[in-house]
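Okay, so here's the structure we're looking at.
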Amino acid sequence: MTTETRLRIAMQKSGRLSDDTQALLKRCGLKLNVSDRRLLAHVSNMPIDIMRVRSSDIPGLVMDGVCDLGIVGDNTLEETALERELMGIASGYVRTTGLNFGGCRFSLAMPEEFEYTGIECLNGLRFATTYPQLLKRWAEANNINVEFCLLKGSVEVAPRVGLADGICDLVSTGATLEANGLKEIEVIYRSKASLIQTEAPLSAEKQEILDTLLPRIQGVMKAKESKYIMLHAPKDKIEQVSALMPGKETPTILPLAGRDDIVAVHVVATETFFWETMEELKALGCNSILVMPIEKMMG
Ligand code: PRT
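Numbering-wise (this note's numbering), the sequence shown opens with residue -14 and increments by one.
This is the structure we're talking about:
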């Protein structure tokens, strides 16, 4: 099991989640020396070790208490939990926080020529998938009887080679499905990356490290989703301008030196700021409209 003092976090070694995970940890101020051959990377400025493994091993490592925390896709997490439940192995974990990367959907897809008339027409069909437990859970919940065959990669080729009628796989842009003559017919699960932790309480030292790390992670996430908006607005249009600002934050209104007809408006927007809104603001007489990324946020 892990040491009592250094927090051990499992992350994907290489793949779709590894760059975002590494970037997140770095933006949280962790100095980590990640070299390709090292399984365990030491964080030099905090008592944290990073274990770099395959994504599919992360839930088990956390559920078994080998790692205190892990960053993994919800799809892998739930598939592992269902698999372990079935085998009678402990599958407890705590989902500490959702993260805003790794987004994808787990979808059923059929050859383009298939005439889809609703989920009932899938009864008795065979699907190739890497996540059979997620598929089974959905089929049971919807009273559908499907068969599956397990494939760990190149799932998309299964219908073409006669291995299955359709597939159930992760989709982000849909380009892979299209390239393989498949169409998405049902989204059965939506996934993002999550930070998970062991069910057993952490030692006091480790809890203290997590109490420092977690607000930083949440701050990085919030900053990534937010924009700082600055503009100059006619003083007599402040109400209309404020109403156009995205999000629930109250704008800061500042006087401009030597002008009593114009003010500066600053606001942190947590929602998308559209070009259309900028054009509406311009039409109200606003100018110098700046939309800037935010690096860090707290409180
Ligand atoms: O590390 P290990 O090898 O065990 O895991 P892995 O094989 O699942 O690794 P990887 O890197 O492929 O995926 C890691 C995690 O990234 C997944 O578990 C998801 O949570 C998340 N993720 C997000 C995705 C995708 N988007 C995704 N599009 N994982 C896989 N894909 C694949 C999909 O399987 C298909 O082959 O990308 C292809 C489709 O992409 P589009 O853009 O053409 O639709």
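Think of the CB as a built atom: it goes at the ideal place given N, C-alpha and C, for glycine as much as any other residue. Computed from a predicted structure; not experimentally measured.
Regarding residue i and ligand 1, is the C-beta to nearest heavy atom distance less than 7 Å?
i     : result
L155  : yes
G77   : no
N165  : no
A160  : yes
A23   : It should be pointed out that residue 23 corresponds to Arg in this sequence rather than to Ala. Result no, Cβ not under 7 Å from ligand 1.
G58   : yes
L2    : yes
C13   : no
C52   : no
R145  : no
S179  : no
R37   : no
Q(-3) : yes
S211  : no
G83   : no
C89   : yes
S29   : no
S92   : no
T235  : no
S176  : yes
C65   : The sequence shown places Thr at residue 65, not Cys. No, the Cβ of T65 stays beyond 7 Å of every heavy atom of ligand 1.
T61   : yes
S40   : yes
On the three-state DSSP scale, how would you describe residue i?
i    : result
D53  : coil
G204 : helix
P186 : coil
K281 : coil
A249 : strand
E234 : coil
L58  : It should be pointed out that residue 58 corresponds to Gly in this sequence rather than to Leu. The answer is strand: DSSP assigns G58 an E or B state.
K191 : helix
V146 : coil
A164 : helix
T102 : coil
G300 : Outside the displayed span of the chain (-14 to 284) sits residue 300, for which this structure offers no information.
R39  : coil
S227 : helix
K267 : helix
G45  : helix
For residue i, which beta-bridge partners are listed by DSSP?
i    : result
T114 : L135 and C153
R80  : I181
D34  : R(-7) and H27
C89  : S176
L119 : Answer is none; L119 lacks a bridge partner.
E169 : A94
V215 : Position check: residue 215 holds Met in this sequence, whereas Val was assumed. Answer by DSSP bridge pairing, in chain order: H251 and L275.
K244 : The identity of residue 244 in the sequence shown is Arg, whereas the question assumes Lys. Its beta-bridge partners are L241.
L17  : V28
Please indicate yes or no: does the CB of residue i lie closer than 7 Å to some heavy atom of ligand 3?
i    : result
T114 : Absence of ligand 3 is noted for the structure shown, with ligand 1 being the only ligands found.
Going along the chain, which residues of its own chain have a beta-carbon closer than 8 Å to the beta-carbon of residue i, five neighbours each way excluded?
i      : result
Q(-3)  : S3, T6, R37, V38, R39, S40, I43, I56 and V57
G270   : A218, P219 and K222
T65    : S41, P44, G45, M48 and S76
T(-10) : P32, S188, E190 and K191
L241   : H217, I247, V248 and A249
N18    : A26, H27 and S29
Beta-carbon within less than 7 Å of residue i's beta-carbon, same chain only, minus the 5 sequence neighbours each way: which residues are those?
i    : result
V79  : I181, Q182 and E184
D59  : S176, K177 and S179
Q203 : T82
S211 : V253, A254, T255, I279 and M282
Looking only at its chain, what residues have a beta carbon closer than 6 Å to the beta carbon of residue i, apart from the 5 residues adjacent to it on each side?
i    : result
V252 : I214, M230, E234 and P236
S157 : C89
T82  : L180
S92  : V156, E169 and V172
S20  : none
R69  : S76
V47  : G55, Y78, I181 and T183
C153 : L93, F112, T114 and L120
S227 : P236
W123 : I173
Does the stretch 179 to 199 touch the stretch 112 to 125, meaning 3 or more C-beta pairs lie closer than 8 Å? no
Taking 8 Å as the threshold, find out whether the stretch 271 to 282 comes into contact with the stretch 190 to 198 through three or more Cβ pairs. no
Contact between the stretch 132 to 139 and the stretch 169 to 176 (3+ Cβ pairs under 8 Å): no
Would you call the stretch 94 to 108 in contact with the stretch 127 to 135, where contact means no fewer than 3 C-beta pairs closer than 8 Å? yes
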